[in-house]
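Peer 1: Here's a structure for you.
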């Protein structure tokens with residue numbers, strides 16, 4: 001795992017205490033889990049196929065744990081060193097980078113099979129200074145242009161965010177399209193004040209086929225105790241282990257392990273164990 005260089009940019013939103021408090025809050029954990037599952041649903045990756053994903057605004061790794069649970073390899077970027085420190089303390093599986101996404105990315109072209117982001121995109125609409133390069137359009141353009149380059153063709157990127165107006169949605173969508181993305185906005189439960197969620201679903205490539213079709217939004221009044229029961233979300237056990245991490249629910253067999261190791265090798269991961277007749281073999285319980 002890559003340890004971020006802790007040279008803090010001027011925009012620091014969390015101190016150490018606040019970062020830990022945010023991460024331990026069960027409501028924050030549940031909201032992050034719900035939005036991550038829905039983002040993955042909209043990402044529509046091939047089932048049971050390992051993929052390398054970018055988690056934009058990964059924070060302390062709450063969404064990254066879901067990616068681990070679903071069997072994906074991931075890298076995360078965040079602007080707050082304190083949140084990344086908490087992620088390191090929690091020993092998340094992803095590689096971590098300290099990054100102001102408004103400055104753009106420096107990843108090699110085609111590095112990622114997809115990207116997700118939860119509750120982050122709206123921060124790019126804030127102008128940090130009066131300089132033209134700090135304006136929201138300029139920052140959004142750098143962000144989407146470099147992200148488009150970092151994604152393979154074809155692929156998707158899904159952002160859950162909180163716009164304050166339709167004008168903000170229009171600005172973000174238009175700049176993403178100018179950067180080369182297809183796609184559009186999906187609004188789940190548009191008539192509910194509590195359940196309404198906005199997702200920006202973007203596509204790289206796809207040739208105008210299935211890849212270019214905007215997913216269907218969730219709708220209806222499926223609400224219990226003020227919470228939405230996501231219609232296609234599988235039932236999951238949200239219990240934690242002794243380290244406060246989610247217990248993985250994925251089925252791990254020899255074929256899955258071999259596919260994941262091969263993806264690690266393709267991505268340049270070092271120290272990937274050799275394949276052998278013992279790969280994926282289950283140990284007998286010791287009594």
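Residue numbers (full-length UniProt numbering): 1 to 287. C-beta: ideal position from N, C-alpha, C; glycine also. Quick caveat, the model's predicted, so the values are computed rather than measured.
For residue 165, does the count of other Cβ atoms within 10 angstroms reach 16, so buried, or fall short, so exposed?
Peer 2: Exposed, since its Cβ has fewer than 16 Cβ neighbours within 10 Å.
Peer 1: Residue 181 and residue 143: beta carbons closer than 8 Å?
Peer 2: Going by C-beta atoms, residue 181 is not nearer than 8 Å to residue 143.
Peer 1: By a C-beta neighbour count over all protein chains shown, 10 Å radius and 16 as the cutoff for buried, is residue 110 buried or exposed?
Peer 2: That one is exposed.
Peer 1: In its own chain, which residues sit with a C-beta less than 7 Å from the C-beta of residue 163, not counting the 5 before and 5 after it?
Peer 2: 122, 169 and 198, listed in sequence order.
Peer 1: Under 8 Å between the Cβ atoms of residue 64 and residue 86?
Peer 2: No, the pair does not count as a contact, with Cβ atoms beyond the cut-off.
Peer 1: Could you give the distance in angstroms between the alpha-carbon of residue 46 and the alpha-carbon of residue 167?
Peer 2: Distance between the alpha carbons of residue 46 and residue 167 is about 34 Å.
Peer 1: Taking C-alpha atoms, which residue in 205, 136 and 203 lies nearest to residue 127?
Peer 2: Closest by alpha carbon: 136.
Peer 1: Could you spell out the range, first to last residue, of the alpha helix (DSSP H) harbouring residue 143?
Peer 2: Its alpha helix (DSSP H) spans residues 136-150.
Peer 1: For residue 104 and residue 161, what's the separation of their Cα atoms in angstroms?
Peer 2: Distance between the alpha carbons of residue 104 and residue 161: 18 Å.
Peer 1: Three or more beta-carbon pairs under 8 Å between the stretch 33-44 and the stretch 151-160, yes or no?
Peer 2: Counting Cβ pairs under 8 Å, three or more are found: they touch.
Peer 1: Measure the Cβ-Cβ separation of residue 112 and residue 151 and say whether it is below 8 Å.
Peer 2: Yes; because the gap between Cβ atoms is below 8 Å, this pair is in contact.
Peer 1: Taking buried to mean at least 16 other C-beta atoms within 10 Å of its own C-beta, is residue 81 buried or exposed?
Peer 2: Classification for residue 81: buried.
Peer 1: Is it buried or exposed, residue 155, if we count other Cβ atoms within 10 angstroms and call 16 or more buried?
Peer 2: Buried, because 16 or more other Cβ atoms sit within 10 Å of the Cβ of residue 155.
Peer 1: If we count the other Cβ atoms within 10 Å of its Cβ and call it buried at 16 or more, is residue 117 buried or exposed?
Peer 2: Counting Cβ neighbours within 10 Å, residue 117 comes out buried, since at least 16 surround it.
Peer 1: CB residue 203 to CB residue 196, shorter than 8 Å?
Peer 2: Cβ atoms of residue 203 and residue 196: not closer than 8 Å.
Peer 1: Counting along the chain, where does the alpha helix (DSSP H) carrying residue 68 start and finish?
Peer 2: Here the alpha helix (DSSP H) through residue 68 covers 62-69.
Peer 1: So, with DSSP's three-state summary, where would you put residue 178?
Peer 2: It is helical.
Peer 1: How many angstroms separate the CA atom of residue 325 from the CA atom of residue 139?
Peer 2: Outside the shown range of the chain (1 to 287) lies residue 325, about which nothing can therefore be said.
Peer 1: Straight-line CA distance for residue 272 to residue 191?
Peer 2: Between residue 272 and residue 191, the C-alpha separation is close to 49 Å.
Peer 1: Can you tell which of 24, 193, 53 and 277 has its C-alpha closest to the C-alpha of residue 115?
Peer 2: Nearest of 24, 193, 53 and 277 to residue 115, Cα basis: 53.
Peer 1: Quick check: what's the CA-CA separation for residue 275 versus residue 255?
Peer 2: So the two alpha carbons sit approximately 11 Å from each other.
Peer 1: Just curious, the beta strand (DSSP E) that residue 115 is in, first and last residue?
Peer 2: Segment 112-118, the beta strand (DSSP E) holding residue 115.
Peer 1: Using CA atoms only, rank isn't needed, just tell me which of 72, 55, 219 and 76 is closest to residue 257.
Peer 2: Ranking the options by Cα distance to residue 257, first place goes to 72.
Peer 1: Per the DSSP calculation, residue 106 is bridged to which residue(s)?
Peer 2: Its beta-bridge partners do not exist; DSSP assigns none.
Peer 1: To the nearest angstrom, how far is it from the Cα of residue 131 to the Cα of residue 141?
Peer 2: Answer to the nearest angstrom: the Cα atoms are 15 Å apart.
Peer 1: Would you call the CB atoms of residue 67 and residue 29 closer than 8 Å?
Peer 2: Taking 8 Å as the Cβ cut-off, residue 67 and residue 29 do not qualify as a contacting pair.
Peer 1: When DSSP labels each residue in this structure, what does residue 216 get in the three-state scheme?
Peer 2: Residue state, collapsed to three classes: coil.
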